[in-house]
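Heads up: the structure comes next, in structure tokens.
There are 2 protein chains.
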Amino acid sequence: MLFPDPAPPELAQALDLGGYPWKSVGDEVAADGDEPPDGWAGAIVCADANPEAAFAICRAVRKRDLPLEPLLLLISGAQLGDLELRDDLFDDFMLTPFHPRELEARVKHLFWRTGRGTRPELIEYGELILNLETYQAAISGHPIDLTYMEYELLKFLASHPGKVFTRETLLSRVWGYEYYGGARTVDVHVRRLRAKLGEEHANLIQTVRSVGYSFGQSRWSI
Amino acid sequence: MLFPDPAPPELAQALDLGGYPWKSVGDEVAADGDEPPDGWAGAIVCADANPEAAFAICRAVRKRDLPLEPLLLLISGAQLGDLELRDDLFDDFMLTPFHPRELEARVKHLFWRTGRGTRPELIEYGELILNLETYQAAISGHPIDLTYMEYELLKFLASHPGKVFTRETLLSRVWGYEYYGGARTVDVHVRRLRAKLGEEHANLIQTVRSVGYSFGQSRWSI
DNA sequence: ATGGCGGTTCACATTCCGTTCACACATGTG
DNA sequence: CACATGTGTGAACGGAATGTGAACCGCCAT
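If you want it as structure tokens, here you go:
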């Protein structure tokens, strides 16, 4: 949840970049009305333009007494004095202008403090999901068990959808530059990947004859 | 308590201006020796010059497990990435160079927070309970006797469920210093942990071949 | 000293999977 | 259709990664 509405562009952009979905609200009434089904995950209130309205929002959030919903307050350096005696209104604050990475670090730390999970790094393509932190893979909701090399190969392919790679390129990018060995190794791994993806999704990895392999985005259908 | 010794002049000056008495220490040993009769009120650790030593200090402060001694970490913007996976080492952070009034506001807010216990004192995962204050561990109600290193390793793993860590990452985050050889040490500790967790819960720690180890969150969930 | 404790290291056993091969099949070309 | 070239398929080998037991070593307290 962001305040004010519309949200400051640099704030919206930083959150988008970090992959955090958000909605901006104009006042506490709108905050209650626009609440998503699973509730707000947190709030970022910018007090730059309208400090009084901002503190009103903070009070409203606190009054509902959610289990320590993390609340980050954005203020300019000149407003630091306004924080006096208002410690209870926010969990953390940050000076504007801010660096996007500072925002991300503060959001992460706030979520960590309140015990809420932080967003995992995912690669998604259609029905396929790769969780880069847990090394898990799933297709249409069903987890599949991949070996290390299979996972690395699929990860590389899936992060460049549509692009065709020669076997040599795959060997150097996935296996490592110093690798030298048969190029057919790639074929075998592709075969096993297709088998584990299941008959329905085996065509996610496409063969480009006398060139190599590509992932998703059937090259003909554009 | 300030780190390093001597403390950065602008930091010392800002604290003097705010009327906070302080003493700077060069390492964790000095921090123990110079402790005032009524204990440290808080710590400000500057990681600008020597990040590794700074994190070592943080760990030492945390290890003594004072009742939520607030710890403020100072880092440069370029070091923001170093905070990854180290949320437990600090209560708040601030970018350098800083405005004296931001420092004062953060210190105030930290002291205000101190009264209201925000740091988790328990880690629970399924049948496993880790009491961070008493260094006790229990599985399905039965206490288990863990050595210090075993406890630290389990604590780190259990506070990031599902995430896979390489042996090198574990060595640097749990053991805390750069390690020459002997990554297999991790294996041995994992083995003993599994043994102490009991046959039924040994699978709480999973090995991810060619990568490392992860905790909980059986592979069938994304 | 010494005996236990805990952390580290080593040697060996075991499992797993990356690689390779041989062959079948598919595709393109004359 | 014959041929060459490229790719799919199954199985087998070998080695790397991990599990396992035991020894080593520094530390502290009895």
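First to last, the sequence lines map onto chains A and B.
Per my numbering: the first sequence ends with 1182, consecutive numbering throughout.
Per my numbering: the second sequence ends with 1182, consecutive numbering throughout.
Note that CB positions come from ideal geometry on N, CA and C, so glycine has one too.
Because the structure is a prediction, the values reported are computed rather than measured.
So is B:HIS1149 buried or exposed if we call it buried at 16+ other beta carbons inside 10 Å?
The residue is buried, with at least 16 neighbouring Cβ atoms inside 10 Å.
Please decide whether A:TYR1139 counts as near chain B, where near means a Cβ-Cβ distance under 8 Å.
Not a single C-beta of chain B is nearer than 8 Å to the C-beta of A:TYR1139.
Taking Cβ-Cβ distances below 7 Å as the criterion, which residues of the segment 985-1013 of chain B are in contact with chain A?
Under the 7 Å Cβ criterion, the segment 985-1013 of chain B contributes no residue.
Can you tell me whether B:ASN1163 is helix, strand or coil according to DSSP?
DSSP places B:ASN1163 within a helical segment (H, G or I) once states are collapsed to three.
On a Cα-Cα basis, can you pick out the residue from B:PRO1060, B:LYS1115, B:THR1074, B:ASP1105 that is closest to B:LEU1090?
Put simply, of B:PRO1060, B:LYS1115, B:THR1074, B:ASP1105 the residue whose alpha carbon is nearest the alpha carbon of B:LEU1090 is B:LYS1115.
According to DSSP, is A:ASP976 helix, strand or coil?
For A:ASP976, the three-state secondary structure derived from DSSP is helix.
Do B:MET1054 and B:ARG1073 come within 8 Å of each other at the CB atom, strictly closer than that value?
Not a contact, by the Cβ cut-off of 8 Å.
Evaluate A:GLY1002 with the Cβ neighbour count: other Cβ atoms within 10 Å of its Cβ, from every protein chain shown; 16 or more gives buried, anything less gives exposed.
Taking all protein chains shown into account, A:GLY1002 has 16 or more neighbouring C-beta atoms within 10 Å of its C-beta and is therefore buried.
Going along chain B in order, which residues have a C-beta closer than 7 Å to the C-beta of A:HIS930?
Past the boundaries of the shown model lies residue 930 of chain A; chain A is included only from 961 to 1182, so the question cannot be answered.
Any idea which residues DSSP pairs A:SER910 with across the strands?
With chain A represented from 961 up to 1182, any question about residue 910 of chain A goes unanswered, as that position is not in the structure.
Tell me, please, whether the segment 1127-1135 of chain B touches the segment 1169-1176 of chain B by the rule of three or more beta-carbon pairs shorter than 8 Å.
Put simply, the segment 1127-1135 of chain B touches the segment 1169-1176 of chain B. At least three CB pairs are less than 8 Å apart.
C-beta contact flag for B:LYS1123 and A:THR1107 at 8 Å
It is not a contact, given that the beta carbons lie outside the stated cut-off.
In whole angstroms, give me the CA-to-CA distance for B:GLY978 and A:ALA991.
If you take the alpha carbons of B:GLY978 and A:ALA991, they lie about 38 Å apart.
If I measure Cβ to Cβ from B:LEU1157 and keep anything under 8 Å in the same chain, skipping five residues before and after, which residues do I get?
Within the same chain, B:LEU1157 has close Cβ partners LEU1088, ILE1099, ILE1104, LEU1164, ILE1165.
Could you tell me whether any Cβ in chain B is nearer than 8 Å to the Cβ of A:TYR980?
Taking Cβ atoms only, chain B never reaches closer than 8 Å to A:TYR980, which makes this a no.
For B:GLU1037, which residues from the same chain have a beta carbon less than 6 Å from its beta carbon, with the 5 sequence-adjacent residues on both sides left out?
Reading off the sequence shown, one finds Gly at residue 1037 of chain B, where the question assumed Glu. Here the set comprises LEU1055.
If we count the other Cβ atoms within 10 Å of its Cβ and call it buried at 16 or more, is A:ASP998 buried or exposed?
Result: exposed.
7 Å Cβ cut-off: residues of chain A touching B:ALA1143:
Simply none; closest approach about 16 Å.
DSSP has A:CYS1018 in a bridge; who is on the other side?
In the DSSP output, where bridge partners are listed per residue, A:CYS1018 has none listed.
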